[in-house]
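Undergrad: Following this message is one structure expressed as C-alpha cells.
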Ligand SMILES: NC(=O)c1ccc[n+]([C@@H]2O[C@H](COP(=O)([O-])OP(=O)(O)OC[C@H]3O[C@@H](n4cnc5c(N)ncnc54)[C@H](OP(=O)(O)O)[C@@H]3O)[C@@H](O)[C@H]2O)c1
C-alpha cells in the first residue's frame, strides 16, 4: 500500500524511546523527515530522525521552541504527533484523590494536555498551509480512569476533547486531527524496572517480571498480550497517510481488547 507521505515532514514529541521512538522510526521508513523531541536524545532517535531537539516539553517555552527549531530544520510542518505524556515516575503518586496535591495535577496536565496545546498553537500555521494532519496520543484511561495516577485520565480525556474541537474547526480547512488511545504497551514506561512499571510493582508488592507477566490476565486483555510500540506506530502512520484522507476527529483504540463496552 502506498501511504503517499514520502517527502513530508513531522514533529514527534517524546521521541527518545518507547512509542514516540517507534513512531519516528515508522515515519522515517516511509520517507518522512522527522524532528524528534525529548529531554534525552538517544542514539536510536539520532539515527532515525532528520533533526532532534532536547527540550522539556512540559513547559510552554520548551513546547513552542520545538516547533521553531523544527521549521528551521525541515522547512515546514506537515504532521504533528503529540505523543509525550504520562510523567516522571518519581513525581507521580499512585495514591488516591486525597493523597494528591495541586503540584501533581498541574504537572500531569502540563505534560499530557498543555504540551499539545502549545505545540499545536505554534505549528498550526504551517500545518494549515500544507493541509497536514495531527495525531494526539491519548489512552484508554481517558474512558476508564481506574488504575491510573490521579489527574492522568482526566488530562487524557481533555486531550480527546481538544482533538475533537480541533477536528471540527480544521477539517473544513483541510487539516485532519485524530487521537490514538493505547491500552498497555510494552514501552520502557512499563518494561524499565526503574520506570513507572517498577513503581507499580513495588506498590503491589510483586516482582517487576511477575507484574508484566500478569497484566494480560489481570486486566482482561482479550488477545492475551500487550501491544508493542511498533503496532501503535503503524496505526499512527496510517492515520497520517493519504489512505486515511477522510478519517477525522476519531479516537482509535489499540488495546488488545481491554475495553469491554461497545
Ligand atoms: N506505555 C503504555 O502502556 C501507554 C498506554 C497508553 C498511553 N500511553 C501514552 O503513550 C505516550 C508515550 O508513552 P510511552 O509508553 O512511550 O512512554 P516512555 O516509554 O516513558 O517514553 C516517554 C518519552 O517521552 C519523553 N519525555 C518524557 N517526559 C518529557 C518531558 N517533560 N519533556 C520532553 N520529553 C519527555 C521521554 O524522554 P525523556 O525522559 O528523556 O525526556 C521518552 O522519550 C504517552 O502519552 C503515554 O501517556 C502509553
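In the working numbering, the protein residues as written are 4 to 265. Backbone N, C-alpha and C define an ideal beta-carbon position, used for all residues, glycine too. Since the structure is predicted, the reported quantities are computational estimates derived from the model, not experimental observations.
1. Alpha carbon to alpha carbon, how far is residue 69 from residue 56?
2. Please report the Cβ distance between residue 256 and residue 143, rounded to the nearest whole angstrom; I am assuming they are in contact, meaning their Cβ atoms lie under 8 Å.
3. What span of residues does the alpha helix (DSSP H) with residue 97 cover, start to end?
4. Using a threshold of 7 Å, is the CB atom of residue 193 nearer than that to any non-hydrogen atom of ligand 1?
5. Does the beta carbon of residue 59 fall short of 7 Å from some heavy atom of ligand 1?
6. Taking 7 Å as the line, does the beta carbon of residue 163 fall inside it for any heavy atom of ligand 1?
7. Sorry if obvious, but does the Cβ on residue 319 come closer than 7 Å to a heavy atom of ligand 1?
8. Can you find the residues in the same chain that come closer than 7 Å, C-beta to C-beta, to residue 25, ignoring five residues on each side of it along the sequence?
9. Where do the ends of the beta strand (DSSP E) carrying residue 264 lie?
10. Let me confirm a value: residue 243 is counted as buried when at least 16 other C-beta atoms fall within 10 Å, else exposed. Which label applies?
11. Check whether the Cβ of residue 114 lies closer than 7 Å to any heavy atom of ligand 1, and answer yes or no.
12. Among 51, 71, 138 and 47, whose alpha-carbon lies nearest the alpha-carbon of residue 58?
13. Let me know the alpha helix (DSSP H) ranges lying completely inside the stretch 116 to 186, each 4 residues or longer, listed in chain order.
14. Residue 176: beta carbon under 7 Å from a heavy atom of ligand 1?
15. Pick from 115, 87, 219 and 259: whose alpha carbon is nearest that of residue 160?
16. Provide the residue(s) that pair with residue 254 in DSSP beta bridges, ordered along the chain.
17. Given residue 200, which residues of its chain have a CB within under 8 Å of its CB, disregarding the five upstream and five downstream residues?
18. Only counting the same chain, and skipping five residues up and downstream in sequence, which positions put a Cβ closer than 7 Å to that of residue 10?
19. Quick one: what's got a C-beta closer than 6 Å to residue 125's C-beta in the same chain, skipping five residues either side?
20. Could you round the C-beta distance between residue 118 and residue 61 to whole angstroms and report it? I think they count as a contact, below 8 Å.
21. Who are the Cβ neighbours of residue 190 in its own chain at under 6 Å, not counting the five residues just before and after it?
TA: Short version:
1. 6 Å
2. 6 Å
3. Premise fails: residue 97 is in no alpha helix (DSSP H) and is neither H nor E.
4. yes
5. yes
6. no
7. There is no way to answer for residue 319, as the model of the chain reaches only from 4 to 265.
8. 232, 233, 235 and 236
9. Taken as a continuous stretch (DSSP letters only), residue 264 belongs to no beta strand (DSSP E), as it is neither H nor E.
10. buried
11. yes
12. 71
13. You should have 118 to 133 and 155 to 173.
14. no
15. 115
16. 182
17. 192, 193, 194, 211, 214 and 215
18. 34
19. 67 and 70
20. 6 Å
21. 21, 22 and 232
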